[in-house]
Amino acid sequence: MNLSRLAMLSLALVAAPAFAHPKVVSATPAAGSTVAAPAKITLQMSEALTPKLSGATLTMTGMPGMADHAPMAMAAKSSIGPDGKSLMLMPTKKLPAGHYRVDWHGVSSDTHRVTGTHEFDVK
Ligand SMILES: [Cu+2]
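Structure, rendered in structure tokens:
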């Protein structure tokens, strides 16, 4: 291996973490779980998010006994924790039983907008 190849290889190794995109590492309620109506939904992210450019919305996508439930936006306040790594949603009213989807978006150090979804059920 010549010197320039070695330089390129080490550059690639150093550059990799800078391009890591934020993703959900854990959440409450957990993905796919069925829980009592949560007062707060928390997504723990792998990277610190830029608060101004990050957030989430909550949509009810299913209700017991209803075959075709149109997606219904639920009022919820989105915020980012002090460490930048927790994305929180506080529903303004108690969530009725049903299936819910969180659509989150986040921008971290590499400035790319990344999106994801997180689903759970309320019993
Ligand atoms: Cu990126």
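Taken in order, the sequence shown gives residues -7 to 115; the numbers are from our numbering. Glycine included, each C-beta is placed from N, C-alpha and C at the ideal position. All figures in this text were calculated on a predicted structure; none of them were measured in a lab.
Cutting at 6 Å between CB atoms, please list the residues of its own chain near residue i, excluding the five before and the five after it.
| i | result |
| --- | --- |
| residue 76 | 40, 41 |
| residue 93 | 51, 53, 109, 111 |
| residue 29 | 86, 87, 114 |
| residue 107 | 97 |
| residue 64 | 52 |
| residue 95 | 49, 109 |
Between the C-alpha atoms of residue i and residue j, what's the straight-line distance to the nearest angstrom?
| i | j | result |
| --- | --- | --- |
| residue 67 | residue 55 | 17 Å |
| residue 21 | residue 14 | 19 Å |
| residue 86 | residue 16 | 24 Å |
| residue 72 | residue 80 | 6 Å |
| residue 104 | residue 88 | 35 Å |
| residue 45 | residue 101 | 11 Å |
| residue 8 | residue 38 | Low per-residue confidence applies at residue 8: pLDDT is 49, beneath 50, and the placement is therefore not dependable, though the value from the model is reported in the following sentence. Taking the straight line joining both Cα atoms gives about 15 Å. |
Rounded C-beta distance between residue i and residue j? I'm assuming under 8 Å.
| i | j | result |
| --- | --- | --- |
| residue 19 | residue 82 | Between residue 82 and residue 19 the Cβ distance is about 15 Å, and since that is not below 8 Å, they are no contact. |
Notebook entry, point to check: Taking only runs of the beta strand (DSSP E) that begin and end inside the region 52 to 91, which ones reach a length of at least 3 residues, in chain order?
Noted result: Those beta strand (DSSP E) runs which fall completely within the region 52 to 91 and span 3+ residues are 64 to 66, 68 to 72, 78 to 83.
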